[in-house]
Structures are given as C-alpha cells and as structure tokens.
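Going by the numbering used here, the residue at position 8 of the sequence shown is 63; the numbering climbs one at a time, nothing skipped.
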Amino acid sequence: DALSMNDQLSVTNDRNITKACLELNRRFYFQLHIIYQTD
Numbered sequence: 056d057a058l059s060m061n062d063q064l065s066v067t068n069d070r071n072i073t074k075a076c077l078e079l080n081r082r083f084y085f086q087l088h089i090i091y092q093t094d
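This is the structure:
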C-alpha cells in the first residue's frame, strides 16, 4: 500500500543521506590528513 511504499522511500532516503555524509567526512579528513602531513 501507499504507506509502506512511503516508509520504504523514507528509509532509502535516510540511507542515502547517511552515505553522503560519510563520504563528505571521509574527504574532509583525508584533506586534513594531507594538510597536517606537510610540515
């Protein structure tokens, strides 16, 4: 039904957001790592 479909979409969306945040964090820390390595 429509409700369970909506829940499914919501869950997928949350997962995508989480994945995007993790990816951003990974890039951010990678850049920090590079910055602090050049001393």
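Glycine included, each C-beta is placed from N, C-alpha and C at the ideal position.
Distance, Cα to Cα, residue i vs residue j?
i, j, result
"residue 91", "residue 61", "45 Å"
"residue 81", "residue 67", "21 Å"
"residue 86", "residue 79", "11 Å"
"residue 73", "residue 64", "14 Å"
"residue 57", "residue 83", "39 Å"
Grab me the residues of residue i's own chain with a C-beta within less than 6 Å of its C-beta, minus the 5 sequence neighbours each way, in chain order.
i, result
"residue 69", "none"
"residue 77", "none"
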